[in-house]
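These protein sequence lines are chains A and B, in that order.
Taking this note's numbering, the leading residue of the first sequence gets 44, the next gets one more, and so forth.
Taking this note's numbering, the leading residue of the second sequence gets 44, the next gets one more, and so forth.
There are 2 protein chains.
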Amino acid sequence: MDNREVILQCALELFYRRGYDAAGVQEIVEMAGITKPTMYYYYKSKLGLLEALIEEKGELLLHRILEVQSKKLRFEEQLYQLAKVYLDFGRREHYFYFLMLGLMYSSTESEAHKAAMPFISRQYELIIDTFVRAGDYLGNMNGRQEQFAIGFLGVINCYMMVYNEKSTENMLSDEKIYAVVHQFLHGIYS
Amino acid sequence: MDNREVILQCALELFYRRGYDAAGVQEIVEMAGITKPTMYYYYKSKLGLLEALIEEKGELLLHRILEVQSKKLRFEEQLYQLAKVYLDFGRREHYFYFLMLGLMYSSTESEAHKAAMPFISRQYELIIDTFVRAGDYLGNMNGRQEQFAIGFLGVINCYMMVYNEKSTENMLSDEKIYAVVHQFLHGIYS
DNA sequence: ATTTCATTATACCAATCGGTATACGAGCTG
DNA sequence: CAGCTCGTATACCGATTGGTATAATGAAAT
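Dropping the structure here:
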């Protein structure tokens with residue numbers, strides 16, 4: 044792993060652990076075992092570091108979502124596989140996903156928030172599209188596709204917070220994922 | 044309004060807008076039209092400022108939750124009134140509630156996160172308690188009370204993000220609130 | 001052997017960070 | 001008037017912030 048990648052990895056860990064603003068450039072390069080000019084040789088600024096992270100890691104998630112959607116499954120199966128993609132991604136790229144989650148809820152004036160929003164918005168567009176294309180199956184949604192998409196990702200993220208932090212075992216079972224989607228579709232009575 | 048309150052109000056706005064870490068003490072006192080020693084006369088530190096905010100504003104929300112729970116309503120009506128309390132609070136104390144939401148999702152090492160967690164945990168405890176005490180009505184929940192509480196607040200917060208940012212009119216209608224709770228209880232098919 | 005180019009470090013920048021030592025002035029009390 | 005407390009400002013602290021000018025490296029190409 045060359046310095047370029049090491050820097051990115053260390054930046055991700057420190058952005059996640061300390062927060063983007065609180066993490067210092069000095070701290071990042073020390074962890075990477077290099078000095079500041081080296082970092083500024085590869086990335087134009089601290090913000091550029093974040094942007095590179097989003098570019099690299101974000102593409103992975105978006106690609107997997109598109110992959111599921113291209114499979115033309117029936118609606119519920121599609122939601123189920125999307126949930127699986129998210130929970131899997133949230134576990135394998137824990138630092139990145141939770142960093143994005145934090146930035147999404149951070150102040151809209153923050154530069155880090157602005158850098159993360161295109162990636163986050165793109166996700167929501169894709170999920171909204173899932174509900175739009177399911178219109179035939181679901182019937183008239185009264186334009187609530189966006190609301191459903193937000194609710195769906197909201198539930199997914201909540202469960203991620205609960206099951207992704209504590210025990211690292213068997214929290215990604217297919218039954219668990221099915222239960223999450225089922226709760227979203229049918230509520231808690233069932 | 045004396046300086047003590049002005050400082051708190053300005054700190055809240057800047058913590059919300061810039062984020063806790065990015066907001067400078069200098070910036071806060073300039074907005075309040077005073078100088079740093081005045082702020083440090085009333086509050087022991089920047090973190091103390093945040094703690095004072097949580098103490099003051101947080102108590103308002105917790106008190107309203109307890110008020111609903113003391114009314115001994117039937118389960119669904121209780122959830123409905125809790126949703127109402129949250130959506131109302133999120134609108135009237137927008138800066139504070141969204142600041143807390145951001146801190147909840149921020150890195151666990153951050154001092155601001157640690158300062159906010161007792162307040163946030165207290166909320167979840169109260170909501171979990173609602174589900175626990177509804178056990179007779181809901182039947183065996185297989186220990187999923189915490190999961191339900193997280194899901195419930197998750198849905199509430201999602202809707203708050205959607206309806207609290209855009210138009211400021213008629214988003215708090217009773218029908219809308221009922222729809223949110225209904226979706227949580229019965230899912231999106233209904 | 002020399003030039004070239006990508007990569008890295010030394011040493012520095014002005015600006016800002018959170019926080020404070022000290023003193024000044026207003027108002028109350030003796 | 002003297003003394004005391006509350007509230008506030010001037011001026012400063014060391015540390016750290018993000019960022020850079022410059023030069024030394026080492027390997028490959030001529």
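Positions of the beta carbon are idealized from the N, C-alpha and C atoms, including for glycine.
The model shown is predicted, which means the values in this text are computed figures rather than measured ones.
Between the C-alpha atoms of B:Phe191 and B:Gly145 there is a straight-line separation of about 21 Å. The beta carbon of B:Leu103 sits closer than 8 Å to the beta carbons of Phe132, Glu136 from its chain, once the five residues preceding and following it are set aside; these are given in chain order. A:Glu48 has its alpha-carbon roughly 52 Å from the corresponding atom of B:Glu218. When DSSP states are grouped into helix, strand and coil, B:Ile199 belongs to the helix group. The Cβ atoms of B:Lys127 and B:Ile220 lie closer than 7 Å to each other. Three or more beta-carbon pairs drawn from the segment 170 to 184 of chain B and the segment 110 to 128 of chain B are found closer than 8 Å, and the two stretches are therefore classed as touching.
Contact note: A:Gly62 reaches chain B through Asp64, Ser149, Ser150, Ser153, using a C-beta cutoff of 7 Å and chain order. Of B:Tyr59, B:Pro80, B:Glu99, the smallest CA-CA separation from B:Gln69 is found for B:Pro80. With contacts defined as CB atoms closer than 7 Å, A:Phe139 and A:Lys89 fail to qualify as a contacting pair. Residues Ala75, Met82 of the same chain have their beta carbon placed closer than 6 Å to that of B:Ile50, with the five preceding and five following residues left out of the count. Assigned with DSSP and collapsed to three states, A:Leu116 falls in coil, not helix or strand.
For B:Cys201, the chain A residues whose Cβ falls inside 7 Å of its Cβ are Ile193, Gly194, Gly197, in order along the chain. Between B:Ile97 and B:Ala54 the beta-carbon gap is near 11 Å, outside 8 Å, which marks them as no contact. When secondary structure is reduced to three states using DSSP, B:Asp64 falls in the coil class, being assigned neither helix nor strand.
Judged by their CB atoms, B:Arg60 and A:Glu152 are nearer to each other than the 7 Å cut-off.
Using a CB distance cut-off of 7 Å, B:Leu122 does not count as an interface residue toward chain A. Neighbours of B:Phe227 in chain A, taken as residues whose beta carbon is under 8 Å from its own, are Gly230, Ile231 in chain order. In this structure, A:Val205 sits away from A:Phe227, with a CB-CB distance that is not shorter than 7 Å.
Flagged as an interface residue toward chain A: B:Gly145, by a C-beta distance shorter than 7 Å.
In the structure shown, the three-state DSSP call for B:Ala177 is coil. Non-local C-beta neighbours of B:Phe162 in its own chain, meaning closer than 6 Å and more than five positions away in sequence, comprise Ile97, Gly101, ordered along the chain.
Closest in C-alpha terms to A:Leu116, from the list A:Ala177, A:Met184, A:Val224, comes A:Ala177.
Contact check for A:Ser150 against B:Gly62 passes: the beta carbons are separated by less than 7 Å. Contact between B:Gly230 and A:Gly230 holds: CB atoms are separated by about 4 Å, below the 8 Å threshold.
Between B:Glu119 and the set B:Met143, B:Phe195, B:Met203, the nearest pair of CA atoms involves B:Phe195. B:Tyr84 is not a Cβ neighbour of B:Ala95, given a cutoff of 7 Å.
Residue-level contact by beta carbon holds for B:Val205 and chain A, with a gap shorter than 7 Å. The DSSP assignment places complete alpha helix (DSSP H) segments of no fewer than 4 residues inside the segment 125 to 197 of chain B at 137 to 147, 154 to 176, 178 to 181, in order along the chain.
Counting only residues of its own chain and dropping the five nearest sequence neighbours on each side, A:Asp64 has a CB closer than 8 Å to the CB of Ser153, Ala155.
Where A:Met82 is concerned, the enclosing alpha helix (DSSP H) starts and stops at 79 to 85. In this model, B:Leu57 and A:Met147 are separated by some 18 Å (Cα to Cα). One alpha carbon belongs to B:Phe141, the other to A:Leu142, and they sit about 17 Å apart. Cβ-Cβ distances below 8 Å link A:Met184 to Phe174, Gly178, Phe191 in the same chain, with the five nearest sequence neighbours on each side left out; the list follows chain order. Following the DSSP letters along the chain, one finds B:Tyr221 inside the alpha helix (DSSP H) bounded by residues 217 to 229. In this structure, the beta-carbon distance from A:Asn46 to A:Ile77 falls below 7 Å.
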